[in-house]
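Heads up: the first sequence at position 142 corresponds to 142 in our numbering, and the numbers run straight through without jumps.
Below is one structure, written out as structure tokens; the observations come after it.
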Amino acid sequence: MSKHNHWLFKSEPTCFSLEDLKNLPDATEHWDGVRNYQARNFLRDQIKLGDRVFFYHSNTAEPAIVGIAQVVREGYPDWTAFDPENDHFDPRSAPEKPIWYMVDVRFVRVLPRPITLAELRGIPALAGMALLNRSRLSVQPVREEEWDLILKLAGVEE
DNA sequence: GCCAACGTTGGC
DNA sequence: GCCAACGTTGGC
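Dropping the structure here:
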């Protein structure tokens with residue numbers, strides 16, 4: 001039995017929401033446009049097929065973990081960096097020597113209730129979460145204990 | 001809309 | 001290699 005790791009991906013819902021992911025034809029999306037080296041390292045090196053991901057809505061009235069996605073393709077070069085027409089174009093990145101990477105994720109579920117940032121902050125056992133300490137990291141690891149606790153809070157039976 | 005936190009850039 | 005200036009993220 002292989003052991004999967006857990007992650008948290010942030011997205012601004014006005015840009016791309018959990019509902020948007022759910023409503024895609026095959027509920028699958030390229031997680032492109034990440035332009036931070038630490039997040040890139042996770043995408044390129046550590047995020048594996050089958051890993052589960054908390055979908056977090058940021059920069060919104062009530063920031064919260066709202067659902068779960070799953071990795072369906074491991075890290076590969078983010079081609080949006082190669083396209084001058086694309087908002088995420090980066091002239092330093094080239095197909096033969098890519099700087100930026102992405103993974104593909106598919107929709108798994110909406111949480112029975114969103115777990116807000118405010119609620120997470122109130123839980124001592126979660127004080128070490130990257131979300132609470134590394135506020136600007138958009139792709140980040142979630143420890144197994146944190147993952148399990150948050151699922152329990154949300155009322156998810158696994 | 002404001003602004004603090006913080007990652008990145010570039011001059012020296 | 002330091003660090004000030006700058007730009008962006010994201011909570012509020």
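C-beta atoms are modelled at their ideal positions from N, C-alpha and C, and glycine is treated no differently.
Bear in mind that the values here come from a model prediction, so they are computed numbers and not experimental data.
- Cβ-Cβ separation between V34 and L43: approximately 6 Å, consistent with a contact (criterion under 8 Å).
- In the three-state scheme derived from DSSP, where H, G and I count as helix and E and B as strand, E62 is classed as coil.
- Per DSSP, the beta-bridge partners of M102 are Y76.
- Per the Cβ contact rule, the segment 124-131 is not in contact with the segment 68-87 (fewer than 3 Cβ pairs under 8 Å).
- Contact annotation, P63 with L117: C-beta distance approximately 4 Å; criterion of less than 8 Å satisfied.
- Looking at the DSSP output, K10 sits in a beta bridge with Y56.
- Remark: C-beta atoms of P98 and P77 approach each other more closely than 8 Å.
- In this structure, the alpha-carbon of I115 lies about 22 Å from that of W31.
- K3 and E145 have their C-alpha atoms roughly 14 Å apart.
- A39 is a Cβ neighbour of S138, given a cutoff of 8 Å.
- Contact check for H6 against D51 passes: the beta carbons are separated by less than 8 Å.
- According to DSSP, residue pairing for P95 in a beta bridge does not occur.
- In terms of Cα proximity to V110, the closest of H57, Y37 and W100 is H57.
- For Q140, the uninterrupted beta strand (DSSP E) segment begins and ends at V139 to V142.
- According to DSSP, residue pairing for E29 in a beta bridge involves V105.
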